[in-house]
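Below is one structure, written out as structure tokens, with a few remarks after it.
Chains as they are written, first to last, in this note's numbering: chain A, 1 to 303; chain B, 304 to 589; chain C, 590 to 843.
Set out below in structure tokens:
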């Protein structure tokens with residue numbers, strides 16, 4: 001009964017309060033997302049990974065840093081190690097769980113920095129036009145002209161190896177595409193009648209950009225960020241693999257593959273399980289991104 | 304009206320959405336002979352959906368159902384997609400609202416005319432070109448040779464729509480469906496384009512379905528008028544007897560238009576009666 | 590002609606510069622009295638909407654003299670100007686922010702004009718334009734075209750302006766809805782003592798709402814005439830006559 005009432009309240013065509021209107025629009029988005037099976041698979045996988053990261057201390061069977069050279073390179077299931085051990089005898093399963101924390105930490109930091117920078121640069125550039133546009137866009141072009149990994153390598157080399165610097169380097173290379181998207185969106189929105197209308201109410205450029213243009217850019221950015229997450233994780237993993245990201249003994253997935261590489265022919269699981277973890281999280285983000293695209297598409301609700 | 308070109312019975316178009324099934328067209332019936340039938344209604348009345356449904360141009364999640372749609376005795380509902388492509392353009396043509404969106408922007412007018420003809424008849428290119436030029440001449444385009452080489456953005460709205468008419472009539476269809484063919488045009492051009500269309504339809508003895516929101520315009524260019532409301536035909540009458548129309552909706556549409564010659568301090572506002580929605584569809588069969 | 594609400598002298602508006610320059614309005618002059626409703630008709634591309642946009646400050650490239658509500662207009666519009674002059678746009682589907690509820694649109698407009706007790710004003714404003722309180726928290730996609738246009742009119746009225754610039758406010762609507770909006774505009778003008786400039790391609794609509802009408806062709810005003818003269822088809826300019834002819838022909842049924 002209560003759920004049915006709640007559903008009616010949420011799907012009402014005539015909301016009676018600001019709160020109801022807001023919840024209703026979220027709920028409708030959620031319904032669209034839920035009807036997309038693949039996106040839900042992505043969301044569930046991500047939720048599992050996040051839960052694994054949060055409850056890593058509970059779920060882990062071993063200390064991820066504890067070395068036991070007597071137990072090195074055990075196969076899956078041997079000696080009480082669910083996914084075997086690596087070259088220093090550390091439990092791979094436990095390391096994967098703790099590694100999830102690092103991956104999610106990287107993803108969150110990059111997701112907060114890069115799109116925000118891109119959004120600000122893109123909307124300011126698009127709305128202001130003129131020389132501000134030219135200057136900002138040429139800077140963007142310069143960043144875009146470098147291959148992403150090479151640029152990240154250069155930043156890490158300059159800043160020093162480490163996970164924070166890897167995040168910073170990835171963010172610095174990731175923002176230009178967002179700036180491009182935000183600018184393109186702004187250019188189409190800028191001359192629309194509803195922006196004219198708010199200008200005629202006397203609103204200044206700061207208000208127009210932050211209150212009226214940003215909300216419309218954010219949905220396409222969210223989609224793009226979600227789809228890029230896989231790339232970001234892979235870049236982070238690549239930096240880890242090259243020894244420029246997370247430093248040993250940290251259980252970062254890329255670094256784990258890098259360590260396992262030496263034994264890949266005889267002890268395949270050492271590199272394979274972290275590889276599968278990266279694959280799973282990348283795929284999950286891609287599936288979710290596709291679903292979000294359907295959900296946030298402004299052409300929704302034409303019925 | 305001895306010969307029936309198009310026979311539609313109990314046509315339904317529905318869309319399934321999250322909140323249920325939305326019925327755009329709810330069981331309408333009509334026939335078309337060698338005459339001009341006007342379908343009038345406001346946005347959302349299902350008039351455009353009717354035109355598209357006849358050509359089977361409605362994509363999923365939309366569904367078309369009917370007891371019968373026959374074109375010259377041929378069952379449209381059972382036709383294969385290949386056969387449908389032959390029918391569209393060959394037997395029935397459709398003119399849409401805005402020529403800007405109906406003409407391919409990267410092909411010249413001439414190329415598009417020739418292509419559309421070659422899609423239906425195996426003719427030599429030079430012959431097609433000759434017929435295309437003759438057709439442009441028929442829609443009152445001066446200097447058709449030059450217009451053949453123009454790109455769609457280089458022609459005005461009125462000329463674009465005349466080119467569309469030429470293109471649609473080139474393969475010699477029997478039925479023309481014109482969906483708001485002049486709403487995007489200026490008033491002075493509107494009449495000119497409609498006159499041309501009207502002349503061609505008459506001289507070729509075609510059947511015309513003229514879909515529009517403008518009751519007066521339809522009355523001027525049609526023999527029969529079907530007024531649609533909420534997916535049903537609420538009234539059907541001869542255009543010459545429009546002033547005898549009975550249904551309050553038809554009357555409301557007529558009276559809502561501000562008239563330059565007969566000013567009124569207030570315009571009449573249509574009071575929509577929920578009963579109109581439930582009333583059964585009037586048949587427009589002859 | 591003591592103190593017209595709007596006085597436009599020798600207005601030129603152009604787009605682009607150098608060889609790409611195109612003149613949208615050339616040497617337009619007209620004056621609108623306080624409380625008058627002035628119509629501008631013309632075909633697409635005649636520059637009729639451009640005049641409105643120039644007055645509203647949406648087109649920066651213009652020359653000439655414009656005095657609106659006692660204020661001589663420069664390149665920038667002051668905040669006080671927007672309290673006196675507001676605009677209603679042609680397409681109600683494009684003039685409302687797709688992610689903002691009616692409540693948000695109206696409260697922001699009021700907030701920008703520094704009005705107090707917004708919460709109690711909004712229902713009154715909505716009532717003025719014939720929208721019930723149930724519409725307050727809806728998004729544009731939950732409204733019909735006519736309801737959207739009512740919201741747009743309410744937004745324009747939020748700061749109680751003296752002058753409304755109407756850019757084809759009914760051309761995107763069905764005739765029956767058009768009638769409702771035109772009646773609403775008539776009522777609002779009477780109740781609030783508004784001055785209108787209305788742009789339209791439809792002579793019937795302009796003739797219904799306006800007392801004097803300017804006819805535009807290719808950026809120039811070819812004739813300004815009273816609506817009475819227009820009704821009796823007493824136009825002196827051949828273009829106006831042609832326009833009247835086709836309009837009457839298409840509205841008169843066979």
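Built from N, CA and C at the ideal position, the CB exists for glycine as well.
Who are the near neighbours of residue 658 (chain C) in its chain, counting only those whose CB is closer than 8 angstroms to its CB and skipping five residues on each side?
594, 595, 670, 673, 674, 751 and 752
Residue 798 (chain C) by DSSP, collapsed to three states: which one?
helix
Roughly how many whole angstroms lie between the Cα atoms of residue 165 (chain A) and residue 317 (chain B)?
57 angstroms
Taking the C-alpha atoms as reference points, what is the distance between residue 548 (chain B) and residue 805 (chain C)?
37 angstroms
C-alpha distance - residue 758 (chain C) paired with residue 111 (chain A), whole-angstrom precision
43 angstroms
Cβ neighbour criterion (16 or more within 10 Å) applied to residue 664 (chain C)
exposed
Classify residue 660 (chain C) as helix, strand or coil using the three-state DSSP reduction.
strand
8 angstroms contact criterion, which residue 226 (chain A) and residue 288 (chain A) should meet: CB distance rounded:
6 angstroms
Using a Cβ-Cβ distance cut-off of 8 angstroms, determine whether residue 178 (chain A) contacts chain C.
no
Quick one: using the 10 Å Cβ neighbour count with 16 as the cut-off for buried, is residue 125 (chain A) buried or exposed?
buried
Taking 8 angstroms as the threshold, find out whether the region 113-123 of chain A comes into contact with the region 77-86 of chain A through three or more Cβ pairs.
no
Using the rule of at least 16 other Cβ atoms within 10 Å of the residue's Cβ for burial, across every protein chain shown, is residue 16 (chain A) buried or exposed?
exposed
Cβ shell of residue 20 (chain A) (< 6 angstroms), same chain only, five flanking positions each side left out
none
Which partner residues of residue 755 (chain C) appear in the DSSP bridge assignment?
C:677 and C:787
Return helix, strand or coil for residue 433 (chain B), following the three-state DSSP convention.
helix
Cross-chain neighbours of residue 686 (chain C) in chain A, by beta carbon under 7 angstroms:
194 and 212
Could you spell out where the alpha helix (DSSP H) holding residue 142 (chain A) opens and where it closes?
130-145
Any idea what DSSP makes of residue 241 (chain A), helix, strand or coil?
helix
Collapsed DSSP secondary structure at residue 587 (chain B) in the structure displayed:
strand
Whose CA, out of B:385, B:544, B:364 and B:587, lies closest to the CA of residue 535 (chain B)?
B:587
Rounded to a whole number of angstroms, what is the C-alpha to C-alpha distance between residue 561 (chain B) and residue 835 (chain C)?
15 angstroms
For residue 585 (chain B), count the other beta carbons within 10 Å of its own beta carbon; 16 or more makes it buried, fewer makes it exposed. Which is it?
buried
Test: residue 822 (chain C) CB closer than 8 angstroms to a CB of chain A:
no
Name the chain B residues whose beta carbon is nearer than 9 angstroms to that of residue 819 (chain C)?
563
Collapsed DSSP secondary structure at residue 204 (chain A) in the structure displayed:
coil
Under three-state DSSP, which class holds residue 458 (chain B)?
coil
Can you give the Cα-Cα distance for residue 294 (chain A) and residue 637 (chain C), rounded to whole angstroms?
40 angstroms
Is residue 724 (chain C) near residue 732 (chain C), with beta carbons less than 8 angstroms apart?
yes
Just the Cα atoms here: how many angstroms apart are residue 742 (chain C) and residue 718 (chain C)?
7 angstroms
Counting only Cβ pairs nearer than 7 angstroms, list the residues of chain A close to residue 723 (chain C).
14
Which bits of chain A does residue 678 (chain C) rub up against, with CB to CB less than 9 angstroms?
193, 194, 196 and 197
Cβ neighbours of residue 384 (chain B) in the same chain (closer than 7 angstroms, five flanking residues each side left out):
none
Buried versus exposed, by CB contacts within 10 Å (16 or more), residue 720 (chain C):
buried
Of the listed residues A:49, A:167 and A:13, nearest to residue 285 (chain A) (C-alpha basis)
A:49
Taking contact to mean 3 or more Cβ pairs, one atom from each stretch, closer than 8 angstroms, check whether the region 235-247 of chain A and the region 147-157 of chain A are in contact.
yes
Please report the Cβ distance between residue 590 (chain B) and residue 352 (chain B), rounded to the nearest whole angstrom; I am assuming they are in contact, meaning their Cβ atoms lie under 8 angstroms.
Nothing in the structure corresponds to residue 590 (chain B), since chain B is present only between 304 and 589.
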